[in-house]
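**Q** My structure is below; once you've seen it, I'll send some questions.
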DNA sequence: CTGTTAGTTCGATTATAGTCGAACTAACGG
DNA sequence: CCGTTAGTTCGACTATAATCGAACTAACAG
């Protein structure tokens, strides 16, 4: 059973987090996960080809934003909220709040 | 006297802000401005050619992070803290706090 | 074993960004 | 007017990232 690399909280880099979240599609994924987790990739695809979605999930994983666990056939994704909070207190909450301030609904 | 375009607070986009701040050089500029403003570009150059620095300042300006005012020969830059706060409350503070948590000093 | 599902990996293409030197410009001092 | 300073703009090059189809893989159902 294949598993994924997830950086340690202490190795998360602010620039990588901000970069990962600066893409509207990836930010939307994070918002949806914040609202409902864990979730597999499929319902978050939003009409894109699987290879593109997989790429975006990999960026989120490498930044440390999400954790992906293989559960049977699906790969369940969840936000690493506590670890993010321990590394950068208040950051994720502030960004999610900013995202909900923007006109676009989740 | 040449002036610059600065987006209105209501037109600032989260993805542009995060993108602008995801570059370590630009984040450093913002941190230095937060510590001491207004400042001209020159002391923030950090050994780069002027054209590169000018490019990074333009990115920060277009995102809405900084305001540049022409004052005589120099261009004075300041953080648009209040406008950012009105658009995305707590966001800039959280990112600056996260930056100071990272090992690198200003 | 076969088929299916969910997602990854590969490879090619395209688009976007960063970098830098060189030429330019606006404001000032003398 | 001339030189200097501070920063922009231009254009070329390079590097990084997004996109997508196609082939692949792991886990499960039957």
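Residue numbers (my numbering), protein chains in the order written: chain W, 1 to 106; chain F, 107 to 212. The beta-carbon is built from N, C-alpha and C at its ideal position, and this holds for glycine as well.
(1) Please state whether DSSP places residue 67 of chain W in a helix, a strand or coil.
(2) Report the neighbours of residue 113 of chain F on chain W: residues whose CB is nearer than 7 Å to its CB, in chain order.
(3) Which of the residues in the segment 123-148 of chain F, read from start to end, lie with their CB under 9 Å from any CB of chain W?
(4) Let's test the definition: count the other Cβ atoms within 10 Å of the Cβ of residue 162 of chain F and tell me whether it reaches 16, buried, or not, exposed.
(5) Does any C-beta atom of chain F lie closer than 8 Å to the C-beta of residue 107 of chain W?
(6) Would you report the Cα separation of residue 70 of chain W and residue 38 of chain W, rounded to the nearest angstrom?
(7) Thinking residue 208 of chain F and residue 60 of chain W are a contact (beta carbons under 8 Å), I'd like their distance in whole angstroms, please.
(8) Using 8 Å as the threshold, is the segment 40-53 of chain W in touch with the segment 149-157 of chain F, meaning 3 or more CB pairs across them?
(9) Do you know how far the Cα of residue 76 of chain W is from the Cα of residue 44 of chain W?
(10) Taking DSSP as the reference, what is the three-state secondary structure of residue 6 of chain W?
(11) Look at residue 173 of chain F and residue 118 of chain F and say whether their C-beta atoms are less than 8 Å apart.
(12) Would you say residue 64 of chain W lies against chain F (beta-carbon separation less than 8 Å)?
(13) Would you check if the distance between the CB atom of residue 16 of chain W and the CB atom of residue 63 of chain W is smaller than 8 Å?
(14) With a cut-off of 8 Å on the beta carbons, I'd call residue 137 of chain F and residue 205 of chain F a contact; round off their distance for me.
(15) Which of helix, strand or coil does DSSP assign to residue 40 of chain W?
(16) Tell me, to the nearest whole angstrom, how far the beta carbon of residue 187 of chain F is from that of residue 115 of chain F; I am working on the premise that it is less than 8 Å.
**A** Reading off the structure:
(1) strand
(2) Those within 7 Å of residue 113 of chain F in chain W number zero; the least Cβ separation is about 14 Å.
(3) 123, 124, 125, 126, 127, 128, 129, 130 and 133
(4) buried
(5) Since the first and last residues shown for chain W are 1 and 106, residue 107 of chain W lies out of range.
(6) 11 Å
(7) The Cβ separation is near 19 Å, so there is no contact.
(8) no
(9) 12 Å
(10) coil
(11) no
(12) no
(13) yes
(14) 6 Å
(15) strand
(16) That belief does not hold up - the Cβ atoms of residue 187 of chain F and residue 115 of chain F are roughly 11 Å apart, past 8 Å.
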